[in-house]
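At position 23 of the sequence shown (counting the first as 1) the number is 23 in UniProt numbering, and the numbers step up by one without a gap.
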Amino acid sequence: MWSEGILSIEGKEVSYCLNHFEEPSKFGIEKGRISKLELRAEKAIICNYDRGWDVKATTNLAKKALKQLLAEFN
Numbered sequence: 001m002w003s004e005g006i007l008s009i010e011g012k013e014v015s016y017c018l019n020h021f022e023e024p025s026k027f028g029i030e031k032g033r034i035s036k037l038e039l040r041a042e043k044a045i046i047c048n049y050d051r052g053w054d055v056k057a058t059t060n061l062a063k064k065a066l067k068q069l070l071a072e073f074n
């Protein structure tokens, strides 16, 4: 199932688009339910996962957004 939205973190908007399964999968982040994820801030990709890490979350903003989405969808 695809989900998308906007998070407000540290006063900044982070948009996300993700695909998640009903059940955990070997393809998911940390073998969880999220199989694809893109995070953007100020039009730049700050994190991307497509059954493997293409762009890891390295900034505090990206890490906080990822943590929030993992708690909700993974």
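Glycine residues also receive a C-beta, built at the ideal position from the N, C-alpha and C atoms.
As the structure is a computational prediction, the values presented were derived from the model and not from experiment.
query, result
"Can you list, in chain order, the residues of its chain whose CB lies under 6 Å from that of G32, leaving out five sequence neighbours each side?", "P24, N74"
"Please report the distance separating the alpha-carbon of K26 from that of T58.", "23 Å"
"I need the straight-line Cα distance from K12 to S3, nearest angstrom please.", "20 Å"
"Among L70, A41, L18, whose alpha-carbon lies nearest the alpha-carbon of M1?", "L18"
"Going by DSSP, what residue range makes up the beta strand (DSSP E) through N60?", "Here N60 belongs to no beta strand (DSSP E); instead the alpha helix (DSSP H) covers 60-73."
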